[in-house]
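**Student:** Residue numbers (the working numbering): 17 to 446.
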Ligand code: ATP
Ligand code: MG
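This is the structure:
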């Protein structure tokens, strides 16, 4: 088949070309009708007149339904007023399939109906734009890390141990024993960082989130850099450069998509380092001043995160957390053993935590006592403890959630639209 794409239609100006795609819609004005063709890379208006076509082609107007698959041949003309800046004067249309009555129409549909039809909904303009930005976010994450000396070393999906607490684990049968779907690749990245220096893993992670929030999926993608010889400050420096790069690449490459989504890009243009950094105590003080009923010493809920992030027009990094709310592997502050060297980055505009990370405990005896305090099974962590026996070094890392980052950049309120096929407590299909 001929493979020409609408994204490159300008190359065919005043020439004949064939484009394969789907009928977005048709519109008739008497002796002329228009077919808006979409092919995944763009859209164009195809003009069908009696003069240029046979009766059979001209009469297709009555048969072609929304989403019918067609190959359209014609001469490409510059037309600034038309979608995509060009139009096609049609000579021929080959029909591959006349679509059945398409369930998604321009009228309003409820989210649950649209989610039931997610496999079709992803063809709509807005969903298409969100997923293209997701692609750019992933690409930017990889480019940034690859260009800064990080090596991609992926972590396993089946794991024997829990690293982010035992309450939201998915257990699966694993031959004679049970295993868990990974909640994070971090522990493995600590091992690979001791082999390669700077590494990252990037893959799906699973958490049996029972709460219904617009920020939680049960399956989400996380990119997790881990660096040997990095302390908390080095970690924060990296995190802010990383996020600046991701946002700026979306601005550079996704202008049409951001426009489709009516995103206020001035808010994104402002995302440049340095980002504000505050301690947990300072954040707690803000919450108190703003009249929140938040209890000092607990983790921030969604509303608290919004109150904190509303104080800034850039992402804010909250560091030095009460040790009780952070995981067993987090290193404590040398000056205050009650504080963990954790770092959360909260996105502006109320999008919540996009990054969680910190400096890791590197002392063997301390780590052993933390494992005991957390009632974890020492034998599950034999290999992890080895990393503190054989050339232990200060090291740090973080995990950035792809979907929350995409939600923020696209300005989409609910995280379920930022992944092709979302998984939540109530949704396992399509
Ligand atoms: P929260 O308190 O919002 O549940 P968390 O503290 O559990 O987040 P981390 O364990 O630090 O999050 O995970 C790192 C990142 O992964 C988060 O900053 C977020 O971007 C993302 N993330 C965590 N849980 C989810 C989820 N259920 N769905 C989508 N993204 C998530
Ligand atoms: Mg969580």
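Note that the Cβ used here is the ideal one computed from N, Cα and C, for glycine as well.
What you are looking at is a predicted structure, and each value in this text was computed from that prediction instead of being measured.
(1) Quick check: the stretch 102 to 117 against the stretch 403 to 419, are at least 3 beta-carbon pairs closer than 8 Å?
(2) Can you find the residues in the same chain that come closer than 7 Å, C-beta to C-beta, to residue 234, ignoring five residues on each side of it along the sequence?
(3) Out of 333, 246 and 329, point me to the one whose CA is closest to residue 412's CA.
(4) Given 7 Å as the limit, tell me if residue 374 has its C-beta closer than that to any heavy atom belonging to the ligand ATP.
(5) Would you check if the distance between the CB atom of residue 336 and the CB atom of residue 349 is smaller than 8 Å?
(6) What three-state label does DSSP hand residue 392 in the structure shown?
(7) Report all residues from its chain with a CB closer than 8 Å to the CB of residue 266; omit the five preceding and five following residues, and keep chain order.
(8) When the Cβ atoms of the stretch 240 to 259 are set against those of the stretch 156 to 167, are three or more pairs found closer than 8 Å?
(9) To which residues of the same chain is residue 423 closer than 7 Å at the C-beta, ignoring the five residues directly before and after it?
(10) Does the stretch 287 to 295 come close enough to the stretch 180 to 193 to have 3 or more Cβ pairs within less than 8 Å?
(11) Report the residue from 162, 158, 192 and 200 whose alpha carbon sits nearest the alpha carbon of residue 175.
(12) For residue 233, is the beta carbon positioned less than 7 Å from some heavy atom of the ligand ATP?
(13) How would you write the range of the beta strand (DSSP E) that residue 188 sits in, first residue to last?
(14) Quick check on DSSP: helix, strand or coil for residue 144?
(15) Report, in whole angstroms, the separation of the C-beta atoms of residue 109 and residue 76, which I expect to be a contact under 8 Å.
(16) Going by beta carbon distance, what residues of the same chain come within less than 6 Å of residue 171, once the five residues before and after it are set aside?
(17) Does the distance from the CB of residue 35 to the CB of residue 88 come in under 8 Å?
(18) Could you check if residue 191 is buried or exposed, using at least 16 other CB atoms within 10 Å of its CB as the buried criterion?
(19) Here's the rule I'm using: 16 or more other beta-carbon atoms within 10 Å means buried, otherwise exposed. How should residue 353 be labelled?
(20) For residue 79, I'd like the list of residues in its chain whose CB is within less than 8 Å of its CB, leaving aside the five on either flank, ordered along the chain.
(21) Is any non-hydrogen atom of the ligand HEM found closer than 7 Å to the C-beta of residue 420, if you look at the structure I gave you?
(22) Rounding to the nearest angstrom, what Cα-Cα distance links residue 308 and residue 195 in this structure?
(23) Determine, using beta carbons only, whether residue 117 and residue 68 come nearer to each other than 8 Å.
(24) Report the option in 47, 371, 382 and 26 whose CA atom is closest to the CA atom of residue 231.
(25) Verify the contact flag: residue 417, CB atom, against every heavy atom of the ligand ATP, threshold strictly below 7 Å.
(26) How far does the alpha helix (DSSP H) with residue 3 in it reach, from first residue to last?
(27) Pull up the distance between the alpha-carbon of residue 52 and that of residue 131, whole angstroms please.
(28) Can you tell which of 384, 333, 73 and 363 has the C-alpha that lies nearest to the C-alpha of residue 374?
(29) Output needed for residue 437: all residues of its chain with C-beta closer than 7 Å, excluding positions within five of it in sequence on either side, in chain order.
(30) CB residue 142 to CB residue 277, shorter than 8 Å?
(31) Helix, strand or coil for residue 280? Go by DSSP, reduced to three states.
(32) Runs of 3 residues minimum, wholly inside the stretch 23 to 98: which ones carry the beta strand (DSSP E) assignment?
(33) From the DSSP output, which residues share a beta bridge with residue 217?
(34) Is the distance from the Cβ of residue 173 to the Cβ of residue 219 below 8 Å?
(35) What does residue 222 pair with, by DSSP beta-bridge criteria?
(36) Measure the Cβ-Cβ separation of residue 419 and residue 160 and say whether it is below 8 Å.
**Tutor:** This is what the structure gives:
(1) no
(2) 222, 223, 224, 225, 439, 440 and 441
(3) 246
(4) no
(5) yes
(6) Residue 392: coil per DSSP, three-state reduction.
(7) 149, 152, 153, 156, 274, 284 and 425
(8) The stretch 240 to 259 is in contact with the stretch 156 to 167.
(9) 367, 431 and 434
(10) no
(11) 200
(12) yes
(13) 187 to 190
(14) helix
(15) 6 Å
(16) 201, 204 and 217
(17) yes
(18) exposed
(19) Counting the other Cβ atoms within 10 Å of the Cβ of residue 353 gives fewer than 16, which makes it exposed.
(20) Residues of the same chain with a CB within less than 8 Å of the CB of residue 79, apart from the 5 flanking positions on each side, are 111 and 114 in chain order.
(21) Absence of the ligand HEM from the depicted structure is noted, with the ligand ATP and the ligand MG being the only ligands included.
(22) 40 Å
(23) no
(24) Measuring from the Cα of residue 231, the nearest candidate turns out to be 371.
(25) Remark: the C-beta of residue 417 is in contact range of the ligand ATP, defined as less than 7 Å to any heavy atom.
(26) Given that the chain is displayed from residue 17 to residue 446, the structure contains no residue 3 and the question cannot be resolved.
(27) 25 Å
(28) 333
(29) 134 and 446
(30) Yes. Within cutoff.
(31) Note: residue 280 maps to coil in three-state DSSP.
(32) 32 to 45, 48 to 54, 59 to 65 and 85 to 94
(33) 240
(34) Here residue 173 is near residue 219, since their CB atoms are less than 8 Å apart.
(35) For residue 222, which the question treats as bridged, DSSP gives the partners 235.
(36) No. Outside cutoff.
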